[in-house]
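Using our numbering, the letters of the sequence shown correspond one by one to residues 624 to 893. The beta-carbon is built from N, C-alpha and C at its ideal position, and this holds for glycine as well. Quick caveat: nothing in here was measured; it's all calculated off a predicted structure. Below: one structure, written as C-alpha cells.
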Amino acid sequence: MLATRHGKAEVIAPALASLGLAVVATDAVDTDRFGTFTGTVARAGTMREAARAKAIAGLAAMPGAAFAIASEGAFGPHPQAPFATADLELVLLRDRAGTFEVVVEHLALEARAVSRVVRTWPEAEAAASAAGFPGHALVVRDGAEPSVAAPPRAMLVREPHDLARHVAAALAAAGAAVVANDLRAHANPTRLAVIRAAAEALARRLAATCPACGRPGWHGRAQPGLRCAACGEETALPAADLFACDGCGHERRVPREGAADPARCPRCNP
Ligand SMILES: [Zn+2]
Ligand SMILES: [Zn+2]
C-alpha cells in the first residue's frame, strides 16, 4: 500500500515487485496535508517523520494492507556542490504493528528544479526551456521573489499556449514573474526518476537480511580512512563498509581491498 496522490506508484511498484510486494496505491490519504511543494502547507518535523505519518495514515485507510510505503522529497543545495540544486528522496516502508521500519535516502542532481525571475517573454521562454517544459510542468507566479511561499496567484502551467498567457498576466500585474518547475512528482519526470532510484535502493535493502536474526534491511555504510599507498596517511576514501541490523543491532565491518592513490592523499597531494 502506498499513500500517494502524485503518481509515484508507477515507479515504486515495479521496484518492489521483485520482492513479491504488491503495491496498491491509495488516494484515500490527502498526502498534501503533510506538506506541499507550493508552500501552502508547511511540512511538520523531519522528512522521515513526515513519511512515517503518511504511512500510518495510509495503513489506517486500508485495513487489509500489511505494510505501507511512503515517500518524501526535498530540494536544496547539494552538500558537495552548494550551487547545484539536489533532490533528496526518502522512501519508507513500515508494518502495521510499527515494529518494522526501513528507510532509504537517495540524493541526486538530475531532477529539474529551476526557479527564475523573468521580466521579458524571451527570458520566460529561456527559463521554461531550462525547466524542461513542456515535458515538465511549470509554476508561474507574480513578482520577483523566487521563494517557495505561495503568493496570491501561482498558476500551474502544462500547455505551451498557457505559458505566454500566464507570463503576460504576471508581467502586467507585477512587472516580473517567477517561472519555476512544478516539483510534484507527477509533474516532474526527472524527479520521478529519482524516486524510482530510491525505491530500487529500498528493494535492495529489503532483499538483504541480517545474518544474525534474519530481519530484512541489512545495510552497509562506507567508512572513510583508506590508507595512502605512498605514505600510509588516512584519506577520505572508504576503508571499510560497516554493515548493521536495525533490529538486533548486529554489526559487521568488511575492510576494502587495496590502498589509496597518493593523488587523493592529504599529505602527498594537499
Ligand atoms: Zn600519502
Ligand atoms: Zn539482526
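When DSSP states are grouped into helix, strand and coil, Pro861 belongs to the strand group. Where Gly696 is concerned, the enclosing beta strand (DSSP E) starts and stops at 690-701.
For Val727, the closest C-alpha among the options Glu712, Val737, Ser738 is that of Glu712. Annotated three-state conformation of Ser738 is strand, per DSSP. With 16 or more other CB atoms across the displayed protein chains lying within 10 angstroms of its CB, Asn811 is buried.
Of Val634, Lys631, Ala640, Gly630, the smallest CA-CA separation from Ala830 is found for Ala640. Beta-carbon to beta-carbon, Gly881 and Phe866 are separated by about 19 Å, too far to satisfy the 8 Å threshold. When DSSP states are grouped into helix, strand and coil, Pro812 belongs to the helix group. With respect to the 9 Å criterion, Arg838 and Asp869 are classified as neighbours on the basis of their beta carbons. For Ala831, there is no enclosing alpha helix (DSSP H), since its DSSP letter is neither H nor E. Taking a cut-off of 8 Å for Cβ pairs, the region 755-763 and the region 778-788 touch, as three or more such pairs fall below it. The C-beta separation of Ala720 from Val737 comes to about 43 Å, leaving the pair out of contact by the 8 Å criterion. Put simply, the region 844-864 touches the region 873-888. At least three CB pairs are less than 8 Å apart.
Annotation for Ala689: Asp718, Arg719 place their beta carbon closer than 7 Å to its own, counting only its chain and skipping 5 residues before and after. The DSSP-derived three-state label of Gly848 is coil.
Distance from the C-beta of Cys851 to the nearest heavy atom of ligand 2 is not below 8 Å.
For Glu633, there is no enclosing beta strand (DSSP E); the enclosing alpha helix (DSSP H) covers residues 632-640.
Rounded to the nearest whole angstrom, the C-alpha separation of Asp650 and Ala684 is 9 Å. In the DSSP assignment, Asp785 falls within the unbroken alpha helix (DSSP H) covering 783-797. The C-beta separation of Ala747 from Val714 comes to about 35 Å, leaving the pair out of contact by the 8 Å criterion. Residue pairing from DSSP places Ala731 in a beta bridge opposite Asp710. By the neighbour-count criterion, in which 16 or more other beta carbons inside 10 Å mark a residue as buried, Ala645 falls on the exposed side.
Under the DSSP assignment, Glu672 falls in the alpha helix (DSSP H) whose first and last residues are 670-684.
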